[in-house]
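*Asks:* Chains as they are written, first to last, in the numbering used here: chain A, 0 to 416; chain B, 4 to 495.
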Amino acid sequence: MQFEVLATCHTTKARVSRMTLAHGVTALPTFMPVATQAAIKGLTPQQVESLGITLILNNTYHLNLRPGTKILKEAGGAHKFQGWNHNLLTDSGGFQLVSLSKFTKITEEGALFSSPFTGEPTMLTPEESMSIQHAIGADIMMQLDDVVPSLTTGPRVAEAMARSVRWLDRCIEFHEKSGRKDVQNLFAIVQGGLDPELRDQCLDEMTKRKDGVAGYAIGGLSGGEAKDTFWRIVKQCADKLPADRPRYCMGVGFAEDLLVCAALGVDMADCVFPTRTARFGVALTFRGAMNLKLSKYATDLTPIDQNCPCPTCKGGTTRAMLHHIVTLETVAAHAVTMHNLTFQAQVMGGARDAIMQGTFPAYLHKFFDNYFGDVGYPEWCVNALRSVGVDLLEGKENAKVIPGDGGNWDYSNPKKQ
Amino acid sequence: MSTISFQLSATSPGPRIGTLRLTRPDGTVLSLKTPGIVTATSRGVVPHLSPDLCAQTKAVRWVHVAFESFLDHDPPVPTLLTGQNRALARFLGHPHSAILSLSLRDPGDIRTMPPNGDAHVSANCIRGVRKVTPENWRSYGQSCDPDIIFALTDTPFTPPPYSQKRLTKSVERSLAWVADILRSDSPARNVFVQMAGGTEPAARAAFSEGLGARLYDKEAEAVKPLKTLDEGVAGYSIDLGPLRTTLGDRLLHHSKLAAVLVPDTIETADLTQSTEALIKLVGASLQSLPQSRPRLVNSCTGPHEILKIVKDVGADLFDAAWAQRAADIGIAMEFHFPVPDHHRDGADKLAIGYNLYDHVYAHDFRSLCETDSATVLSTPLQHSSVDSPPTMIPASPFTRAYLHHLLHTHEMSSHALLTAHNLSVLAAFFAGIQGIVSSDSERVLFAKEVEVFCDVYDVSSVLFDEALKAWAGVELARGKGRLGREKVVGAE
Numbered sequence: 000m001q002f003e004v005l006a007t008c009h010t011t012k013a014r015v016s017r018m019t020l021a022h023g024v025t026a027l028p029t030f031m032p033v034a035t036q037a038a039i040k041g042l043t044p045q046q047v048e049s050l051g052i053t054l055i056l057n058n059t060y061h062l063n064l065r066p067g068t069k070i071l072k073e074a075g076g077a078h079k080f081q082g083w084n085h086n087l088l089t090d091s092g093g094f095q096l097v098s099l100s101k102f103t104k105i106t107e108e109g110a111l112f113s114s115p116f117t118g119e120p121t122m123l124t125p126e127e128s129m130s131i132q133h134a135i136g137a138d139i140m141m142q143l144d145d146v147v148p149s150l151t152t153g154p155r156v157a158e159a160m161a162r163s164v165r166w167l168d169r170c171i172e173f174h175e176k177s178g179r180k181d182v183q184n185l186f187a188i189v190q191g192g193l194d195p196e197l198r199d200q201c202l203d204e205m206t207k208r209k210d211g212v213a214g215y216a217i218g219g220l221s222g223g224e225a226k227d228t229f230w231r232i233v234k235q236c237a238d239k240l241p242a243d244r245p246r247y248c249m250g251v252g253f254a255e256d257l258l259v260c261a262a263l264g265v266d267m268a269d270c271v272f273p274t275r276t277a278r279f280g281v282a283l284t285f286r287g288a289m290n291l292k293l294s295k296y297a298t299d300l301t302p303i304d305q306n307c308p309c310p311t312c313k314g315g316t317t318r319a320m321l322h323h324i325v326t327l328e329t330v331a332a333h334a335v336t337m338h339n340l341t342f343q344a345q346v347m348g349g350a351r352d353a354i355m356q357g358t359f360p361a362y363l364h365k366f367f368d369n370y371f372g373d374v375g376y377p378e379w380c381v382n383a384l385r386s387v388g389v390d391l392l393e394g395k396e397n398a399k400v401i402p403g404d405g406g407n408w409d410y411s412n413p414k415k416q
Numbered sequence: 004m005s006t007i008s009f010q011l012s013a014t015s016p017g018p019r020i021g022t023l024r025l026t027r028p029d030g031t032v033l034s035l036k037t038p039g040i041v042t043a044t045s046r047g048v049v050p051h052l053s054p055d056l057c058a059q060t061k062a063v064r065w066v067h068v069a070f071e072s073f074l075d076h077d078p079p080v081p082t083l084l085t086g087q088n089r090a091l092a093r094f095l096g097h098p099h100s101a102i103l104s105l106s107l108r109d110p111g112d113i114r115t116m117p118p119n120g121d122a123h124v125s126a127n128c129i130r131g132v133r134k135v136t137p138e139n140w141r142s143y144g145q146s147c148d149p150d151i152i153f154a155l156t157d158t159p160f161t162p163p164p165y166s167q168k169r170l171t172k173s174v175e176r177s178l179a180w181v182a183d184i185l186r187s188d189s190p191a192r193n194v195f196v197q198m199a200g201g202t203e204p205a206a207r208a209a210f211s212e213g214l215g216a217r218l219y220d221k222e223a224e225a226v227k228p229l230k231t232l233d234e235g236v237a238g239y240s241i242d243l244g245p246l247r248t249t250l251g252d253r254l255l256h257h258s259k260l261a262a263v264l265v266p267d268t269i270e271t272a273d274l275t276q277s278t279e280a281l282i283k284l285v286g287a288s289l290q291s292l293p294q295s296r297p298r299l300v301n302s303c304t305g306p307h308e309i310l311k312i313v314k315d316v317g318a319d320l321f322d323a324a325w326a327q328r329a330a331d332i333g334i335a336m337e338f339h340f341p342v343p344d345h346h347r348d349g350a351d352k353l354a355i356g357y358n359l360y361d362h363v364y365a366h367d368f369r370s371l372c373e374t375d376s377a378t379v380l381s382t383p384l385q386h387s388s389v390d391s392p393p394t395m396i397p398a399s400p401f402t403r404a405y406l407h408h409l410l411h412t413h414e415m416s417s418h419a420l421l422t423a424h425n426l427s428v429l430a431a432f433f434a435g436i437q438g439i440v441s442s443d444s445e446r447v448l449f450a451k452e453v454e455v456f457c458d459v460y461d462v463s464s465v466l467f468d469e470a471l472k473a474w475a476g477v478e479l480a481r482g483k484g485r486l487g488r489e490k491v492v493g494a495e
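Structural data, given as structure tokens:
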């Protein structure tokens, strides 16, 4: 991997960089859409490519179950299997073991779980996870980490953190010996729950292993913790991680979260949110989410966003048309998915341009004013951005501030007059 | 008033090729070789093909839309675009280069419906049944501005059999509604007429004679300067769906079926079991009508039936609903006309496609199709000045193993790829028919080639039956409502 920082923001910690992998160049900061089972739901790889997306994510757990490593090897790797010629990242499979499997038991050796098909006990070790990811052939692989739910407290968190460090060593060793270091890159995952002390210890240990890893992920977040805690942990990690390695915040996909993370120095993020919400009929816009199922859109003959360059908006598909087919025809899911992925890419592309031009603080102001100006600014965003020198409320004396985890959702039709 | 010109190779019954030219009010001329495909839609869109993919799929030259799904809103939303050219096509995002035809009801929908009346047709929308009068229909047509509009028709969808009285009424009403849409005070452009009369040849002949009969008095006044209704008609259509129901043909894969309703065992049937009877009925309708108008046949069961109808009746357009439905249930079509030499002497029958749910495809890295249908390179979007210059990398065709994986993991992308593929295979099949008919002055060759095709390709429904069962299995294990079903199972 080649990683080159092109520009840093004069005020915030945000930066623009160029990451060159075996399947091309990806400009950072970026959002990575999730193709869980080797497909962005409903789209063809060419459609994804045409949206200007150059890095997607596959899930190791799912691909290991189906089609399995044997078929992936026969196909010549996951890129060839799914016809995706750009960059690919795989997670380690550890998260799904915890989130999907009821009977997972973590031992020092690895994660013991019952196979969802045969019910047989199966062991996923750090070495096994590496080996599966080698078969998949992703440009970026994640270490196997010991994942505990974000809200867990007590000694289990410390144990998971320490074990993740030990498992990182095993992943590094396995990867070193694999002979695939020139084409695949290993990322470490910083754990430590919501405890700053544990996070610090983990950061210390993992940065010591910098020579063995190409980048770092911030894990163990986006699991229901308070947003005010979330950003503080992200900031702590981003501040301490080496500047010459990309930083990846796992499971983040709301536009406001992405921009806050970017301002804190994060380069990459992934989430199923924009694609999943599209299937439920929610389109993302610079003025907030738009729930196309609501009857107020039934006769609305304008596109989702007049200025959006996605095929759906460019092609003139109206909100009324999407309302007519949403959740009833797969075409609606495809059309809104393409829009939402374009929206995410536009938010991040806009951030890259602004950082390059030295106008990132103004970009943040503009985005948050458009997105939250009407409904109120989430307090945690205000706090997080203040910590890096941007005051969203500057010059707005009567600005509404929403405490808690606020978002901008489109819940209801206007009340009848 | 028709803006369709149709040039035919032959004017006597039997196989024929032609060129259909449709001129739009703005002067655009769309040209189509026949026999050819009409792409079916659901809620106005080609299932699984987003507008960008649909525009890239060259086989989509004509889309047929049923208006009834818009009746859930009053007034129907597309009518809000009144006054715009191609209002409905624009609303739905269909390509400019595709002909759009509009009927009230979905020609593939054969479910039981409340009876029609003297002045209304019962149509189906998501909120239930709506009554549509001829007057409504004329106004919807005017607002939507389709290239072709189908006159209302009185097809009974109450359970068969139908009395002679009912069929007589059906013929009378249908003729009256043709007259209504041709009224000279607000004439519709390019009217297609569905051939009424049910499974009674005499009733079908009576309908056709009614179309061709000289009009007098008030009737003539209403449609003047037309001397007969037929003069104002641009084309004929025959919906085999309801006829098949009346004949007692219960093929399962014709129309959408909920996964829970798919039986564990499906009796293998012959896909052409009703074809002979249907050809007689089609013949009864067309006998007295001029040869020179395009004939559209809806709801065929597959290539065997299409070939027989082309051979015996000389139909020009066929809907692709059966091949699109096959894409829903994981079938990739693969058949050629004329049959390629290397398939001619095989001992075993070939299937007209393959069921990609079958585990034999798990390791099959052959590409889905020789001619890649859905990869047209466009310039990718660029989101910032530091992005790499936008270039698309030419994609290698999708493999059967990948499609197999997508089907078993319930990924929607599979159906998009299969729909584009199946439509392309069907387009190539029709191009093959055109080639043989054009080189065949004696019409012996075509008949012989049809025979070879029927010898080589299996005519049984087994491919569809197995795919349907496999599809239902995955759908029930992973599809919509899965959590609810699992809860029920868990509670037991």
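Note that CB positions come from ideal geometry on N, CA and C, so glycine has one too. All values derive from a computational prediction rather than experimental measurement.
1) Using a Cβ-Cβ distance cut-off of 8 Å, determine whether M347 (chain A) contacts chain B.
2) Could you pull out every unbroken beta strand (DSSP E) segment of at least 3 residues lying fully inside the stretch 265–349 of chain A, listed in chain order?
3) Cβ of H84 (chain A) less than 8 Å from any chain B Cβ?
4) Can you tell me whether P162 (chain B) is buried or exposed, with buried defined as 16 or more other CB within 10 angstroms of its CB?
5) What did DSSP end up calling M336 (chain B) once you bin it into helix, strand or coil?
6) What does a CB cutoff of less than 6 Å around V453 (chain B) pick up in its chain, not counting 5 residues either side in sequence?
7) May I ask you to list, following chain order, the residues of the stretch 397–419 of chain B that have a beta carbon less than 9 Å from some beta carbon of chain A?
8) Which stretch, first to last residue, makes up the alpha helix (DSSP H) that contains I131 (chain A)?
9) Mind checking if S463 (chain B) is an interface residue toward chain A, Cβ cutoff 8 Å exclusive?
10) Name the chain B residues that come within less than 8 Å of P422 (chain A), Cβ to Cβ?
11) Please decide whether Q183 (chain A) counts as near chain B, where near means a Cβ-Cβ distance under 8 Å.
12) In angstroms, rounded to a whole number, what distance separates the CA positions of M207 (chain A) and L150 (chain A)?
13) Starting from N382 (chain A), follow the alpha helix (DSSP H) in both directions and report where the run begins and ends.
14) First and last residue of the alpha helix (DSSP H) that includes A261 (chain B)?
15) Jot down the residue ranges of each uninterrupted alpha helix (DSSP H) in the stretch 204–235 of chain B, minimum 4 residues, whole runs only, in chain order.
16) What number of angstroms, rounded off, separates the C-alpha of H346 (chain B) from the C-alpha of A419 (chain B)?
17) For the candidate residues A:H78, A:M0 and A:A13, whose alpha-carbon lies nearest to that of T358 (chain A)?
18) What residue does the alpha helix (DSSP H) around S277 (chain B) start on, and which one ends it?
19) Provide the residue(s) that pair with T425 (chain A) in DSSP beta bridges, ordered along the chain.
20) Under 8 Å between C-beta atoms, does H333 (chain A) make it to chain B?
21) Please state whether the Cβ-Cβ distance between D266 (chain A) and R246 (chain A) is less than 8 Å.
22) Return the bridge partner residues of H78 (chain A) from the DSSP annotation.
23) Does the separation of the CB atoms of V510 (chain B) and L254 (chain B) fall below 8 Å?
24) Across which residues does DSSP place H67 (chain B) in a beta bridge pair?
25) Tell me whether I129 (chain B) is buried or exposed, calling it buried when 16 or more other Cβ atoms sit within 10 Å of its Cβ.
26) Pull up the distance between the alpha-carbon of N412 (chain A) and that of L291 (chain A), whole angstroms please.
27) Around the Cβ of G21 (chain B), are there at least 16 other Cβ atoms within 10 angstroms (buried) or fewer (exposed)?
28) Take G218 (chain A) as the anchor and find which of A:K234, A:N369 and A:I188 has the nearest alpha-carbon.
29) Starting from the C-beta of G82 (chain A), find all residues in its chain whose C-beta is less than 7 Å away, skip the five residues before and the five after it, and write them out in chain order.
30) Check each candidate in A:R198, A:R244 and A:M122 and name the one with the smallest Cα separation from E158 (chain A).
31) Please tell me whether L327 (chain A) has its Cβ less than 8 Å away from any Cβ of chain D.
32) Can you tell me where the alpha helix (DSSP H) holding L310 (chain B) begins and where it ends?
33) Would you say A302 (chain B) and L243 (chain B) are within 8 Å of each other, going by their C-beta atoms?
34) Here's a check: name, in chain order, each residue in its chain whose Cβ is nearer than 7 Å to the Cβ of T164 (chain A), leaving out the five neighbours to either side.
35) Quick one: what's got a C-beta closer than 7 Å to T316 (chain A)'s C-beta in the same chain, skipping five residues either side?
36) Under a three-way DSSP split, which group does Q197 (chain B) fall into?
*Replies:* Taking the geometry as given:
1) Working through the first sequence from its first residue, we reach residue 347 (chain A) at position 348. Cβ-Cβ to chain B under 8 Å: yes for M347 (chain A).
2) 267–269, 281–284 and 287–290
3) Within the first sequence, residue 84 (chain A) is the residue found at index 85, counting from 1. Here the sequence assigns Asn to residue 84 (chain A), which means His is not the residue at that position. Yes, contact with chain B.
4) Against the second sequence, residue 162 (chain B) aligns to sequence position 159. It counts as exposed.
5) The residue you call residue 336 (chain B) lines up with position 333 of the second sequence. Correct three-state label for M336 (chain B): strand.
6) To locate residue 453 (chain B), count along the second sequence from 1; it is residue 450. Closer than 6 Å at Cβ, skipping near neighbours: L310 and K314.
7) P397, A398, S399, P400, F401, T402, A404, Y405, H407, H408, L409, H411, T412, H413, E414, M415, S416, S417, H418 and A419
8) Position 132 of the first sequence, counted from the first residue, corresponds to residue 131 (chain A). First-last of the alpha helix (DSSP H) with I131 (chain A): P125 to I135.
9) Position 460 of the second sequence, counting from 1, holds the residue named residue 463 (chain B). No, S463 (chain B) lies away from the interface with chain A (no Cβ there is under 8 Å from its Cβ).
10) Examination of residue 422 (chain A) is not possible in this model, given that chain A is present from 0 through 416 alone.
11) Start at 1 with the first residue of the first sequence, and residue 183 (chain A) comes out as number 184. For Q183 (chain A), the answer is no, since every Cβ of chain B falls outside 8 Å of its Cβ.
12) Counting from one through the first sequence, the residue named residue 207 (chain A) turns up at place 208. Counting from one through the first sequence, the residue named residue 150 (chain A) turns up at place 151. Correcting the residue type first, residue 207 (chain A) is Lys in the shown sequence and not Met. Their backbone Cα atoms lie some 27 Å apart in a straight line.
13) If you number the first sequence from 1, residue 382 (chain A) lands on position 383. Residues E378 to R385.
14) Counting from one through the second sequence, the residue named residue 261 (chain B) turns up at place 258. Segment: none, A261 (chain B) is in no alpha helix (DSSP H) and carries neither H nor E.
15) 204–215 and 220–225
16) Locating residue 346 (chain B) in the second sequence gives position 343, where the first residue counts as 1. Locating residue 419 (chain B) in the second sequence gives position 416, where the first residue counts as 1. In a straight line, the C-alpha of H346 (chain B) is about 29 Å away from that of A419 (chain B).
17) Position 359 of the first sequence, counted from the start, is the residue given in the question as residue 358 (chain A). It is A:A13 whose Cα lies nearest to the Cα of T358 (chain A).
18) Numbered from its first residue, the second sequence carries residue 277 (chain B) at position 274. Neither: S277 (chain B) is in no alpha helix (DSSP H) and is coded neither H nor E.
19) Any answer about residue 425 (chain A) is impossible in this case: the structure gives chain A only from 0 up to 416.
20) In the first sequence, residue 333 (chain A) corresponds to position 334, counting from 1. It does; some Cβ of chain B falls within 8 Å.
21) If you number the first sequence from 1, residue 266 (chain A) lands on position 267. If you number the first sequence from 1, residue 246 (chain A) lands on position 247. Yes, the Cβ-Cβ distance between D266 (chain A) and R246 (chain A) is below 8 Å.
22) As a position in the first sequence, residue 78 (chain A) is number 79, starting the count at 1. In the DSSP output, where bridge partners are listed per residue, H78 (chain A) has none listed.
23) With chain B covering only 4 through 495, there is no way to say anything about residue 510 (chain B).
24) Along the second sequence, read from residue 1 onward, the residue named residue 67 (chain B) stands at position 64. According to DSSP, H67 (chain B) bridges with B:A43 and B:S104.
25) Stepping through the second sequence from its first residue, residue 129 (chain B) is reached at position 126. Classification of I129 (chain B): exposed, given that the 10 Å Cβ count is below 16.
26) The residue given as residue 412 (chain A) occupies position 413 in the first sequence. The residue given as residue 291 (chain A) occupies position 292 in the first sequence. In a straight line, the C-alpha of N412 (chain A) is about 11 Å away from that of L291 (chain A).
27) For the purposes of this step, residue 21 (chain B) is taken as residue 18 along the second sequence, with counting starting at 1. Classification of G21 (chain B): buried, given that the 10 Å Cβ count is 16 or more.
28) For this step, residue 218 (chain A) is matched to residue 219 along the first sequence. Closest option to G218 (chain A), Cα to Cα, is A:I188.
29) Counted from its first residue, the first sequence places residue 82 (chain A) at position 83. Cβ neighbours of G82 (chain A) beyond the five flanking positions: P44.
30) For this step, residue 158 (chain A) is matched to residue 159 along the first sequence. Residue A:R198 is the option with its Cα nearest to E158 (chain A).
31) Absent from the structure: chain D. Protein chains present are A and B.
32) By one-based count along the second sequence, residue 310 (chain B) stands at place 307. First-last of the alpha helix (DSSP H) with L310 (chain B): P306 to D315.
33) Counting from one through the second sequence, the residue named residue 302 (chain B) turns up at place 299. Counting from one through the second sequence, the residue named residue 243 (chain B) turns up at place 240. With the sequence shown as reference, residue 302 (chain B) is identified as Ser, and Ala is not the correct amino acid for it. Contact flag set, yes.
34) One-based indexing of the first sequence puts residue 164 (chain A) at position 165. The question names Thr, but residue 164 (chain A) is Val in the sequence shown. Closer than 7 Å at Cβ, skipping near neighbours: C201, E204 and M205.
35) Taking the first sequence and counting its residues from 1, one reaches residue 316 (chain A) at position 317. Same-chain partners within the cutoff: P302 and A334.
36) Taking the first residue of the second sequence as position 1, residue 197 (chain B) is located at position 194. Strand.
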